[in-house]
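Going down the list, the sequences are from chains G and C. Per my numbering, the first sequence starts with residue 4, numbered consecutively. Per my numbering, the second sequence starts with residue 411, numbered consecutively.
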Amino acid sequence: DIQMTQSPSSLSASVGDRVTITCRASQSISRFLHWFQQKPGKAPKLLIYAASSLQSGVPSRFSGSDSGTEFTLTISSLQPEDFATYYCQQSYSFPRTFGQGTKVEIK
Amino acid sequence: EVQLVESGGGLVKAGGSLRLSCAASGFSFSSYSMIWVRQAPGKGLEWVSFISSSGAYTYYADSVKGRFTISRDNAKNSLFLQMNSLRGEDTAVYYCARETGPGTSAPDYWGQGTLVTVAS
């Protein structure tokens, strides 16, 4: 199985900060890597698919990038509505696997 | 508008069975692969199962293999998860989601989830 190691597990940031979350795959997954945002009591929401493609309707302050097996989600200027938990997921092979999640909290 | 609505969750005793349903609307259901993902209370997301658009291919997480069965009825735009031999660790909110095409296979639409509680 492909392991997805996400870091950090949590972070504190202020409105307007630039935030970076990293996900590392245990083997090559090409660009089959997606990022989700989840708020308490809600379903996950797709933000970024195929490593760097912005899902329709998602603000442009969210972006994704990749370098080999390392993938990065960046929020360029954190907004109040961005405080949530973020997950990465690989769909390169079965079983699909998620990262452990990163909780973004208000500093 | 794409909609996915899960149902069938509830309280069940360990060793029991439950069948979850996911009603799809607003898109061509028979053209998309579908998945189930679960989230135990206070925990992260766990992928559970996949079914191809025709139903010909299915995959499972090791944690549910042999106990859960995914299926679909394309004529009724419905997805199912039959859960047998339930354990306490199966307690979770279960989400159904649509996967985009084979070029990306990203879960782009999700249901609101249905809670399964297994009493041990």
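A virtual CB, placed ideally from N, CA and C, is assigned to each residue, including glycine.
Within chain G, partners of residue i - CB distance below 8 Å
i	result
PHE460/C	PHE97, ARG99
ASP518/C	LEU49, TYR52, GLN58
Bridge partners - residue i, DSSP secondary structure assignment
i	result
ARG508/C	MET444/C, TYR519/C
THR501/C	Bridge partners of THR501/C: none, in fact.
PHE74/G	CYS26/G, ASP69/G
GLU456/C	ARG448/C
THR8/G	ARG27/G
THR514/C	Beta-bridge pairing links THR514/C to no other residue.
TYR52/G	SER56/G
VAL422/C	VAL528/C
GLN82/G	Answer by DSSP bridge pairing: none, since GLN82/G is not bridged.
PHE101/G	GLN92/G
Closer than 8 Å at the beta carbon, the chain C residues around residue i
i	result
GLN103/G	GLY454
ALA28/G	Those within 8 Å of ALA28/G in chain C number zero; the least Cβ separation is about 15 Å.
Proximal residues of chain G, C-beta to C-beta of residue i below 9 Å
i	result
THR514/C	ARG34, PHE35, HIS37, TYR52, ALA53, SER56, SER94
Terminal residues of the beta strand (DSSP E) in which residue i lies
i	result
ILE24/G	22-28
ALA16/G	13-16
PHE490/C	488-493
SER463/C	It is not in any beta strand (DSSP E) - SER463/C carries neither H nor E in the DSSP assignment.
ALA434/C	428-435
GLY413/C	The amino acid at residue 413/C is misidentified as Gly; the sequence shows Gln. Start and end: 413-417.
GLN146/G	What the structure shows of chain G is the stretch from 4 to 110, and residue 146/G is not part of that stretch, so it cannot be assessed.
ALA529/C	524-529
ARG34/G	Careful: ARG34/G lies outside any beta strand (DSSP E) and carries neither H nor E.
PHE478/C	478-483
VAL107/G	105-109
TYR467/C	Element bounds for TYR467/C: n/a, residue is neither H nor E.
Amino acids of chain C, ordered along the chain, whose beta-carbon sits closer than 7 Å to that of residue i
i	result
ALA46/G	TYR505, TRP520, GLY521, GLN522, GLY523
Chain G contact residues for residue i, given Cβ-Cβ distances below 7 Å
i	result
TRP446/C	What TRP446/C touches in chain G: nothing, since even the nearest Cβ is about 11 Å away.
Residue i: CB within 7 Å of a non-hydrogen atom of the ligand ATP
i	result
GLN82/G	The model on display carries no ligand, and the ligand ATP is accordingly not part of it.
**Report entry** Segment contact flag, the segment 502-519 of chain C with the segment 50-60 of chain G, C-beta cutoff 8 Å, min 3 pairs
**Finding:** yes
**Report entry** the segment 9-21 of chain G contacting the segment 485-504 of chain C, beta-carbon criterion three pairs below 8 Å
**Finding:** no
Requested in this report: Anything in the segment 48-66 of chain G with a Cβ closer than 8 Å to a Cβ of chain C? List those residues in chain order, please.
Outcome: LYS48, LEU49, TYR52, ALA53, SER56, GLN58
Query raised in the report: Given 8 Å as the limit, is there contact between the segment 437-449 of chain C and the segment 502-511 of chain C, that is, 3 or more CB pairs closer than that?
Result: yes
Query raised in the report: Which residues, in chain order, does the segment 80-92 of chain G contribute to contact with chain C at a C-beta distance below 9 Å?
Result: THR88, TYR90, GLN92
Query raised in the report: Any residues in the segment 468-482 of chain C with a beta carbon nearer than 8 Å to a beta carbon of chain G? Which ones, in chain order?
Result: TYR469, TYR470, ALA471, ASP472
Query raised in the report: Are the segment 93-100 of chain G and the segment 31-40 of chain G touching, with three or more C-beta to C-beta distances below 8 Å?
Result: yes
Requested in this report: Evaluate the contact criterion for the segment 18-29 of chain G versus the segment 73-85 of chain G: three or more CB pairs, one atom per stretch, below 8 Å.
Outcome: yes
**Report entry** Contact the segment 497-505 of chain C vs the segment 414-427 of chain C: 3+ CB pairs below 8 Å
**Finding:** yes
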